[in-house]
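Sequences listed follow chains A and B, in order.
So the first sequence is numbered by our numbering: it starts at 1 and just counts up by one.
So the second sequence is numbered by our numbering: it starts at 135 and just counts up by one.
A short worksheet on the structure shown next.
Number of protein chains: 2
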Amino acid sequence: MALASENLTKNQKTVLDILENSSEPLKAYTILFDIQKKGIKSPLQVYRALDKLIEIGKVHKIESRNSYVACKHEGCNAKTSTSFLICENCDSVTELTGNNLFSYFSKQAEKNNFNYKKHNLEIFGLCKNCKLKN
Amino acid sequence: MALASENLTKNQKTVLDILENSSEPLKAYTILFDIQKKGIKSPLQVYRALDKLIEIGKVHKIESRNSYVACKHEGCNAKTSTSFLICENCDSVTELTGNNLFSYFSKQAEKNNFNYKKHNLEIFGLCKNCKLKN
DNA sequence: ACGTAAAATGTTATATTATAACATTACAAT
DNA sequence: ATTGTAATGTTATAATATAACATTTTACGT
């Protein structure tokens with residue numbers, strides 16, 4: 001029983017690689033243009049790789065930006081739920097972890113008689129660096 | 135000094151009206167198709183109305199679904215930040231209010247030396263009705 | 001009331017993001 | 001070896017959103 005990340009196919013590895021080496025989230029078509037030299041020619045090949053990577057938790061989608069980011073947490077438990085700090089100035093993204101968010105949201109949902117399954121949280125503001133400059 | 139909602143233009147009123155009378159979030163092109171009889175002919179007219187309505191807080195966008203929902207809260211303070219409970223079964227949406235979320239997120243951001251400005255939160259699961267059925 | 005600046009409109013074209021459909025290939029599990 | 005599942009390659013198209021520009025309406029200070 002190997003780690004899911006060890007079983008990646010060529011296309012999946014190619015896409016994951018470019019995301020892991022990016023300092024910021026990337027859009028699907030940016031990924032496509034950047035890796036056409038590696039044999040990926042169509043959007044669908046990128047989207048399919050992304051779908052798989054998201055499914056196994058190696059990549060998360062940032063919904064409000066239509067962009068994708070590699071997860072830096074070994075064995076990230078955020079296969080479904082995600083929480084990000086997004087800098088409005090430099091577009092850098094930090095992922096929040098810890099399941100205190102999970103328990104907090106469960107309670108909030110409970111108050112509304114709602115059965116919590118997962119969440120997406122995007123917090124916008126200024127990152128450490130940009131705070132200083134502004 | 136009238137309420138912003140009293141100053142709406144014809145297109146803005148038309149778009150807001152259809153959203154307020156919908157039991158669920160609507161997509162931009164669904165809105166377009168539904169109101170072509172009222173003189174709105176192009177996507178841009180819908181998107182411009184939506185932009186304005188979002189700006190004044192009468193409409194919120196649900197990022198993960200590319201859809202739009204009218205805010206039911208009189209004088210909603212969520213001009214920028216939004217928090218939703220989204221039912222995965224019936225697609226119904228409930229907006230969470232109260233600034234306890236604001237203070238909680240501010241603290242979470244603070245821990246990462248991040249200056250909180252606003253947020254989008256989408257909680258997925260089963261609403262009251264669908265919980266019973268499943 | 002008039003002039004004017006800002007906002008909204010109308011319209012055509014196009015950019016961006018994502019999926020459908022279908023034929024083929026790789027590959028792991030019996 | 002066989003077979004079922006997943007992944008791939010490819011073309012076409014759907015769905016979502018904005019650019020550019022000419023025109024009209026509106027708000028509002030004088």
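For glycine and all other residues, C-beta sits at the position ideal for the given N, C-alpha and C.
Quick caveat: nothing in here was measured; it's all calculated off a predicted structure.
query	result
For A:Asn120: DSSP bridge partner residues	A:Thr82 and B:Glu256
Residue from B:Tyr181, B:Ile196, B:Lys267 and B:Leu142 whose Cα sits closest to the Cα of B:Glu273	In the structure as shown, chain B begins at 135 and stops at 268. Residue 273 of chain B is therefore absent and cannot be evaluated.
For A:Gln108 and A:Lys117, the rounded distance between their alpha carbons	12 Å
For B:Pro177 and B:Leu277, believed in contact at Cβ under 8 Å, the rounded distance	Only positions 135 to 268 of chain B appear in the structure, and residue 277 of chain B is not among them; the question remains open.
Supposed close pair A:Phe114, A:Ser81 - CB separation, criterion 8 Å	15 Å between Cβ atoms; not a contact.
B:Cys261: contacting residues in chain A (beta-carbon distance under 7 Å)	Phe114
Alpha-carbon spacing of A:Gly57 relative to A:Leu50, whole angstroms	10 Å
Interface residues of the stretch 216-249 of chain B facing chain A [CB-CB below 7 Å]	Leu219, Glu222, Thr228, Leu230, Tyr238, Phe239, Gln242, Ala243, Asn246, Asn247, Phe248 and Asn249
Cβ-based contacts, 9 Å cut-off: residues of the stretch 18-41 of chain A near chain B	none
For B:Glu229 and A:Leu26, the rounded distance between their alpha carbons	30 Å
Those runs of the beta strand (DSSP E) which lie wholly inside the stretch 16-104 of chain A and span at least 3 residues	59-62, 67-70, 82-87 and 93-95
Nearest residue (CA-CA) to B:Tyr163, options B:Lys206, B:Glu189 and B:Asn200	B:Asn200
B:Ser198: contacting residues in chain A (beta-carbon distance under 7 Å)	Glu63 and Asn120
Residue burial classification, B:Thr143 (beta-carbon count within 10 angstroms, cutoff 16)	exposed
Nearest residue (CA-CA) to A:Val69, options A:Asn11, A:Gln12 and A:Leu19	A:Leu19
Three-state secondary structure assigned by DSSP to A:Asn113	coil
Inter-residue CB distance, B:Val149 and B:Val180 (contact presumed, cutoff 8 Å)	6 Å
Beta carbon proximity, B:Ile257 to chain A, threshold 8 Å	yes
Residue from B:Tyr238, B:Gly232 and B:Asn233 whose Cα sits closest to the Cα of A:Asn100	B:Tyr238
Closer than 9 Å at the beta carbon, the chain A residues around B:Lys265	Asn113, Phe114 and Asn115
Classification of A:Ala2 by the beta-carbon crowding that lies within 10 angstroms, buried from 16 upward	Confidence is the limiting factor: at A:Ala2 the pLDDT is only 39, short of 50, which leaves the residue's position unreliable, though a coordinate-based value still follows. The residue in question, A:Ala2, is exposed, as its Cβ has fewer than 16 Cβ neighbours within 10 Å.
N-terminal and C-terminal residue of the alpha helix (DSSP H) that B:Lys266 is part of	In the sequence on display, residue 266 of chain B carries Leu and not Lys. That run of the alpha helix (DSSP H) goes Lys262 to Lys267.
Cα-Cα separation between B:Asn263 and B:Gln146, rounded to whole angstroms	33 Å
Under 8 Å between C-beta atoms of A:Cys127 and A:Cys71	no
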